[in-house]
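Visitor: Structure incoming, see below.
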Amino acid sequence: DRGLILTYWKPDEFHKACLRPCMYSHHFSLLGDTLHLNSMSRSKDVPLGLPFNMLQCYFLLDVMAKITGHKAGKVFHKMVNVHIYEDQIPMFKEQLSRTPLTEAGGFSPKFELPEDLTYEKLLTTFVPSDCTLTGYKHLGKINFPFSE
19 DRGLILTYWK
29 PDEFHKACLR
39 PCMYSHHFSL
49 LGDTLHLNSM
59 SRSKDVPLGL
69 PFNMLQCYFL
79 LDVMAKITGH
89 KAGKVFHKMV
99 NVHIYEDQIP
109 MFKEQLSRTP
119 LTEAGGFSPK
129 FELPEDLTYE
139 KLLTTFVPSD
149 CTLTGYKHLG
159 KINFPFSE
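Reading the sequence shown from the start, the letters are residues 19 to 166 in my numbering.
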């Protein structure tokens, strides 16, 4: 099916938020028994928005695949107006200077949804603590400012 589209773009609700949604659309594609996700962003604050949205996309794909009984496939994320603000540059340079954690170096986080997750449970009783995350490590927090 090519018609499963989720959108956050609701102009009549823009006044309720400080910004319009940066990532505004998700389009699911089913190829065989594998569900793929194409997401769109109108704007992307690299240090703050990109890491969050990457996790958001993969989580959304995993959840949708689970509750529809399909395999989770690939995530494609199209971003327009990708930027790093001037007051974020020193912290971004610090981030780039760090040696990434790799699977070869023993970094192998695993995220798992509950086995019994259904659409009904997702809407009624699901809480984030129902999921498990193991093997996660980080290199320390960087306090990026929220810029406008």
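Note that beta-carbon positions come from the ideal geometry of N, C-alpha and C, so glycine has one too.
Small disclaimer: the values here were computed from a predicted structure and weren't measured.
Does any C-beta atom of chain B lie closer than 8 Å to the C-beta of residue 127?
Guide: Looking for chain B here will not work: only one protein chain is present.
Visitor: What do you reckon, are the CB atoms on residue 46 and residue 22 nearer than 8 Å?
Guide: A contact, by the Cβ cut-off of 8 Å.
Visitor: Please identify the residue among 64, 86, 57, 67 whose C-alpha is closest to the C-alpha of residue 51.
Guide: When each option's Cα is compared against that of residue 51, the closest is 86.
Visitor: Less than 8 Å separating the beta-carbons of residue 119 and residue 62?
Guide: Not a contact, by the Cβ cut-off of 8 Å.
Visitor: Assign residue 136 to one of three DSSP states: helix, strand, or coil.
Guide: Residue state, collapsed to three classes: coil.
Visitor: Considering Cα atoms alone, identify which of 81, 80, 59 is closest to residue 71.
Guide: The option with the nearest alpha carbon to residue 71 is 59.
Visitor: Using the C-alpha atoms, what's the distance from residue 101 back to residue 130?
Guide: Residue 130 and residue 101: Cα-Cα distance of roughly 32 Å.
Visitor: Report buried or exposed for residue 115, applying the criterion of at least 16 other Cβ atoms within 10 angstroms of its Cβ.
Guide: Counting Cβ neighbours within 10 Å, residue 115 comes out exposed, since fewer than 16 surround it.
Visitor: Can the beta-carbon of residue 163 be found closer than 8 Å to that of residue 148?
Guide: Taking 8 Å as the Cβ cut-off, residue 163 and residue 148 do not qualify as a contacting pair.
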